[in-house]
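For reference, the structure is listed below as structure tokens.
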Amino acid sequence: MSDSGRLADDIEIPRSFREMPRWRTEGTAWLDTIRVRLAQMCGIWGLHPDGPALHGSNAIVLPVTREDDRLILRLTPPHDAFKLEIEALEFWAGRGTVRLIEHSAEAGAMLLERLETAHTLATLPLAEAVPLIARLMRRLAVPITDLTVISTADVVAARSLLLSAEWARLDQPFDRSVLDRALTVARDLNSTPGTHAVNGDLHFDQVLAGQREPWLAVDPVLLRGDLEYDLARVLWTRLDEMSDRDVVVHFETVVREAQLDRERAWKWVFYRSVEYWLWGLTHGLTSDPVRCGRLVEIFGVNSDEGTQRAPVAGAVRTPCSC
């Protein structure tokens, strides 16, 4: 048996990764060869396994060493978005993000610096985690001039075209006034895009403790435009831990620490909550639409009224969680 064959036999793939729903639709052809693929990349890059394999929703990761370096081998099924993932990591080049060491688009493989996978911002109390993620948001906001990078204005323009049809197809899950307000806000957000780099998938679970910098983002999505774009995600990912008043307090903390435009941030939270509410229902989600409903109720007023948390009267129904 070859060295790679023996190494493949020693690598255990977590059962939870094998049982993920995605393989029911994508098939298991790639999954069935993953141990061999990991072993092959170890051989190509001169790596030695250094712990059990872990996984997220999209990738398997294997702790490895190379000489004195402690690294992570990340493997996903090859896909069109892989190039964008590489471009994002290369753009930030370790500034606020995990550092990319090597990559192979053909294999869907990345070699990354090793972070503390068990120590994420999701493990910290919100009072500590919120200021930290806000400062990271600002650290990632470097000027960007590459017009080929998708802008937040592009995202909102394309997405807003679909909202009315989704709302009707879903049997009008909330009042028309909420949708109309979201579409009005979308036109404003589409008209004046910012000029900084934005991580379009920033949340507590994807910020890990590091050595070079205290906290580093993984799996960043590179956009250009408004830094306020993903504040809604920061809120809804831990919304169940917050009272309505806490939501506004944490919003204000992010605005202050990330140096955001408060009124624009308020509008982004409202719009993103409406569009993700519809997206979530369309894709069969149950918990997130309920969370979006809460945010719509809180942010469905003018920003200067926000501390009162007054909802749009009669506009928001309890989201379907069936």
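In my numbering, the protein residues as written are 736 to 1057.
We treat Cβ as the ideally placed atom computed from N, Cα and C, and that holds for glycine.
Just so you know, these numbers come straight off a predicted model, no measurement behind them.
- For residue 736, three-class secondary structure by DSSP: Residue 736 sits at position 1 when you count from the first residue of the sequence shown. Caution applies to residue 736, whose pLDDT of 43 falls short of 50 and renders its modelled position unreliable; the model cannot decide the point.
- Query: Which two residues bound the contiguous alpha helix (DSSP H) that contains residue 974?
  - Reply: If you number the sequence shown from 1, residue 974 lands on position 239. Note, residue 974: premise wrong, no alpha helix (DSSP H); not H, not E.
- Extent of the continuous beta strand (DSSP E) run through residue 1058: The question about residue 1058 has no answer here: the residues shown for the chain are numbered 736 through 1057.
- Query: Does DSSP put residue 855 in a helix, in a strand, or in coil?
  - Reply: To locate residue 855, count along the sequence shown from 1; it is residue 120. DSSP, reduced to helix, strand and coil, places residue 855 within a strand of the structure shown.
- Residues sharing a beta bridge with residue 950, DSSP: Your numbering for residue 950 matches position 215 in the sequence shown. In the DSSP output, where bridge partners are listed per residue, residue 950 has 944.
- Message: For residue 960, which residues in the same chain have their Cβ closer than 7 Å to its Cβ, ignoring the five residues on either side in sequence?
- Response: Within the sequence shown, the letter at position 225 stands for residue 960. Answer for residue 960: 886, 887, 888, 928, 929 and 933, listed in chain order.
- Message: Per the DSSP calculation, residue 821 is bridged to which residue(s)?
- Response: By one-based count along the sequence shown, residue 821 stands at place 86. DSSP links residue 821 through a beta bridge to no other residue.
- Message: Since residue 944 and residue 850 should fall inside the 8 Å C-beta cutoff, what is the C-beta to C-beta distance between them, to a whole number of angstroms?
- Response: In the sequence shown, residue 944 corresponds to position 209, counting from 1. In the sequence shown, residue 850 corresponds to position 115, counting from 1. Taking C-beta atoms under 8 Å as the contact rule, residue 944 and residue 850 qualify, at a distance of about 6 Å.
- Message: Only counting the same chain, and skipping five residues up and downstream in sequence, which positions put a Cβ closer than 6 Å to that of residue 1044?
- Response: Walking along the sequence shown from the start, residue 1044 turns up at place 309. Residue placement at residue 1044 is poorly supported in this model, since its pLDDT is 46, which falls under 50; the coordinates still yield a value, given next. Answer for residue 1044: 979 and 1033, listed in chain order.
- Determine the DSSP secondary structure at residue 962, reduced to helix, strand or coil. Working through the sequence shown from its first residue, we reach residue 962 at position 227. The answer is helix: DSSP assigns residue 962 an H, G or I state.
- Residue ranges of each alpha helix (DSSP H) run of no fewer than 4 residues wholly in the region 853-924, ordered along the chain? Annotation: the region 853-924 contains the following complete segments of the alpha helix (DSSP H) (minimum length 4 residues), in chain order: 861-874 and 887-904.
- For residue 1010, which of 1030, 848 and 999 has the nearest alpha-carbon? Here residue 1010 refers to the residue found at position 275 when the sequence shown is read from its first residue. If we check each option's Cα against that of residue 1010, 1030 comes out closest.
- Taking C-beta to C-beta, are residue 746 and residue 773 nearer than 7 Å? Start at 1 with the first residue of the sequence shown, and residue 746 comes out as number 11. Start at 1 with the first residue of the sequence shown, and residue 773 comes out as number 38. Against a cut-off of 7 Å, the Cβ pair of residue 773 and residue 746 comes out as a contact.
- Hey, could you find the ends of the beta strand (DSSP E) residue 751 is sitting in? One-based indexing of the sequence shown puts residue 751 at position 16. If you look at residue 751, you'll find it isn't in any beta strand (DSSP E); it sits in the alpha helix (DSSP H) that goes 750-753.
- Query: Start and end of the beta strand (DSSP E) containing residue 816?
  - Reply: Reading the sequence shown from its first residue, position 81 is the one you call residue 816. DSSP places residue 816 in no beta strand (DSSP E); its state is neither H nor E.
- Query: DSSP beta-bridge partners for residue 845?
  - Reply: Working through the sequence shown from its first residue, we reach residue 845 at position 110. Answer by DSSP bridge pairing, in chain order: 809 and 838.
- Are residue 864 and residue 939 close, meaning C-beta to C-beta below 7 Å? On the sequence shown, residue 864 is found 129 positions in, with the first residue counted as 1. On the sequence shown, residue 939 is found 204 positions in, with the first residue counted as 1. Result yes, Cβ atoms of residue 864 and residue 939 sit closer than 7 Å.
- Just the Cα atoms here: how many angstroms apart are residue 764 and residue 758? Within the sequence shown, the letter at position 29 stands for residue 764. Within the sequence shown, the letter at position 23 stands for residue 758. So the two alpha carbons sit approximately 9 Å from each other.
- Grab the span of the beta strand (DSSP E) containing residue 1007 for me, first residue to last. Within the sequence shown, residue 1007 is the residue found at index 272, counting from 1. No beta strand (DSSP E) contains residue 1007, which is instead part of the alpha helix (DSSP H) from 997-1017.
- Item | Pick from 1000, 993, 982 and 1008 that is closest to residue 877, judged by C-alpha positions | Here residue 877 refers to the residue found at position 142 of the sequence shown. The candidate whose alpha carbon is nearest that of residue 877 is 993.
- Query: So, helix, strand or coil for residue 787, using DSSP?
  - Reply: On the sequence shown, residue 787 is found 52 positions in, with the first residue counted as 1. In this structure, residue 787 counts as coil in the three-state DSSP scheme.
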